[in-house]
Amino acid sequence: MSVGEEVRTDSGTPQQSLGTAAARNLATTTKSAPQMQEISSRWLLRTLPWVDVQGGTYRVNRRLTYAVGDGRITFVKTGDRVEVIPAELGELPALRSYEDQEVLAELAQRCRQREFGPGEVIASFGSQSDEVYLLAHGRVEKVGTGPYGDDQVLGVLADGAYFGDQALLDGDAIWEYTARADTACTVLILPRQEVEQVAERADTLREHLQQLRAIPEQRTNKYGEKEVDLAAGHAGEPDIPHTFVDYDARPREYELSIAQTVLRIHTRVADLYNQPMNQTEQQLRLTVEALKERQEHELVNNREFGLLHNCEYDQRLQPHDGVPGPDDLDELLSRRRGTKMLLAHPRAISAIGRELNKRGLVPETIDIGGNRIPTWRGVPIYPCNKIPVTPARTSSIIALRLGEQDQGVIGLRQSGIPDEIEPSLSVRFMGINEQAIIKYLVTAYYSAAVLVPDALGVLENVEIGRWR
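Residue numbers (UniProt numbering): 1 to 468.
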């Protein structure tokens, strides 16, 4: 603008005072620290009791258990045809630890596919059990007779479950309940006769099954652990039984997992643009936040140590009506003593609230660090957005007993590592390269361990999109 030139506003009238755009050149702006949408409450990281691990490995010693096979089976779907992955047959109790892949492949080929409609009976109570059913898709109810002669739902099975597996080890087994399709179901059926035909030719399979048939002769408690012989209520001078507590010869070991990234900052930025906020500190702060978010995600979803993948099959429940009702939450809590926390996706917590509202129930809340957390039966329900929500709008609810003293779930880390800024989290200077870029290696070491199976439970396939 030349001297004497008149400045006019948008309305065409002459400007009578200094404009804001020009005034900003002489003003010091007030600014926020860099914000980040990814940051969440991370209740799992904050609540999980952490145990320091020396040597990077934590070994969980347990009593010797004779129970075998309690996993979930995976299938492959091609069009309308479903096939079981041969190695997945090793999840069946009778085939656990059996490693001959050629024999497993032959057994997989002998499975025949069958469709069941809603309400159709798959197996009847009291009938001969001579087939193993592998549930590829759908929901199956286990129905028994109640104390007053009416039908009673004993449990619900969903995708990946199996039932009737006792037929492979006991030729005289009968069905102790009725298996009824609750929805349309796709089932693979493996007859005992087919397994026996394969075992006649495969010596390894025949010997494997013979060894397993001897296992029930071992005296075990209801958890499958070797019985400790005791005497109680006796009088006189009877012989006192001799005993010992046997240990698992191959206990599970958890190695610390790792999350890493290399942060790069140009020296010009670090030197010249550090007022009023230190650029290096802000870059490191946001990087550490992202690393912690990934750490919590791995604690929930990692296939080796994540909570969703390390829950035992008998601790996995299905909601009776699809939605997370109070009855399902009670069933989840009843599977373990001393449940300390429930983890659920925020949308699942909303679904729980809707079901409670339908029954006229109002959940209590407790104050934790200034946050109002809903509870059920006194157990806080923490939000965790790392629990996946499927495209079908289903999710899971996780129940945890915590701590080493209570034989619960614990977090694992190693404190005292070099350049540590928080326990088991370090920022290590890596030098400056030829392009004048500073590099920092940001590392976090972590894992989680389930000390006994009933420390962790999951309510699966919870519908969170049903509004009526």
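Yeah, the Cβ is synthetic: ideal placement off N, Cα and C, and Gly gets one too.
Bear in mind that the values here come from a model prediction, so they are computed numbers and not experimental data.
Measure from the alpha carbon of residue 116 to the alpha carbon of each residue in 79, 100 and 186, then state which is nearest.
When only C-alpha atoms are compared, the closest one is 186.
On the CB-based measure, 16 or more other CB atoms within 10 Å of its CB, does residue 182 come out buried or exposed?
Classification of residue 182: buried, given that the 10 Å Cβ count is 16 or more.
Please go through the region 349-395 and give each complete beta strand (DSSP E) segment of 3 or more residues, from N-terminal end onward.
Listed in chain order, the complete beta strand (DSSP E) runs (minimum 3 residues) inside the region 349-395 are 365-368, 371-376 and 379-383.
How far does the alpha helix (DSSP H) with residue 326 in it reach, from first residue to last?
Residue 326 -> alpha helix (DSSP H) spans 326-334.
What residue range does the alpha helix (DSSP H) around residue 50 cover?
Segment 50-52 is the beta strand (DSSP E) holding residue 50; no alpha helix (DSSP H) there.
Please check the pair residue 134 and residue 209, which I expect to be a contact at CB under 8 angstroms, by giving their CB distance rounded to whole angstroms.
The pair is not a contact, with the Cβ atoms about 18 angstroms apart (cut-off 8 angstroms).
My assumption, with CB atoms under 8 angstroms, is that residue 473 sits in contact with residue 173. Please give the rounded CB distance.
Given that the chain is displayed from residue 1 to residue 468, the structure contains no residue 473 and the question cannot be resolved.
For residue 142, does the three-state DSSP call read helix, strand or coil?
The answer is strand: DSSP assigns residue 142 an E or B state.
What's the gap between the Cα of residue 28 and the Cα of residue 274?
In a straight line, the C-alpha of residue 28 is about 15 angstroms away from that of residue 274.
Label residue 327 either buried or exposed according to how many other C-beta atoms from any shown protein chain fall within 10 Å of its C-beta, with 16 as the threshold for buried.
Per the 10 Å Cβ criterion, exposed.
Just how far apart, CA to CA, sit residue 394 and residue 464?
Taking the straight line joining both Cα atoms gives about 6 angstroms.
Which residue spans inside the UniProt domain "Cyclic nucleotide-binding" (95-198) form an unbroken beta strand (DSSP E) run of at least 3?
Here the runs fully enclosed are 112-116, 121-123, 131-137, 140-145, 151-157, 178-181 and 185-191.
Does residue 411 come out as helix, strand or coil in the three-state DSSP assignment?
Residue state, collapsed to three classes: strand.
Run through DSSP, which three-state label would residue 90 get?
Here residue 90 sits in helix by DSSP.
Name the one or two DSSP bridge partners that residue 439 has.
Residue 439 is bridged to 264 and 431.
Terminal residues of the continuous beta strand (DSSP E) containing residue 26?
That residue, residue 26, is in no beta strand (DSSP E); it is neither H nor E in DSSP.
Within the continuous beta strand (DSSP E) that includes residue 59, where are the two ends?
Per DSSP, residue 59 belongs to the beta strand (DSSP E) from 57-60.
Quick test of your reading: residue 131 and residue 192, contact by CB under 8 angstroms. State the CB separation rounded to the nearest angstrom.
About 7 angstroms; that satisfies the 8 angstroms criterion.
DSSP has residue 456 in a bridge; who is on the other side?
In the DSSP output, where bridge partners are listed per residue, residue 456 has 400.
Residue 447 bridges to which residues according to DSSP?
Answer is 412, bridged to residue 447.
In the DSSP assignment, find the beta strand (DSSP E) that holds residue 482 and state where it starts and stops.
Residue 482 is absent from the structure shown; the chain starts at 1 and stops at 468.
Could you tell me the boundaries of the beta strand (DSSP E) in which residue 300 lies?
No beta strand (DSSP E) holds residue 300; the alpha helix (DSSP H) holding it covers 279-301.
How is residue 78 classed by DSSP in three states: helix, strand or coil?
Of the three classes helix, strand and coil, the one that applies to residue 78 here is strand, per DSSP.
If we call anything under 8 angstroms between Cβ atoms a contact, is residue 48 one with residue 295?
Taking 8 angstroms as the Cβ cut-off, residue 48 and residue 295 do not qualify as a contacting pair.
Specify the secondary structure class of residue 269 as computed by DSSP and reduced to three states.
It is helical.
What residue range is occupied by the uninterrupted alpha helix (DSSP H) comprising residue 63?
Where residue 63 is concerned, there is no enclosing alpha helix (DSSP H), given that its DSSP letter is neither H nor E.
Do you know how far the Cα of residue 381 is from the Cα of residue 349?
If I take the Cα positions, the gap works out to 8 angstroms.
Can we count residue 138 as close to the ligand FAD, meaning its CB is less than 7 angstroms from some heavy atom?
Within the structure as shown, the ligand FAD is missing, as the structure has no ligands at all.
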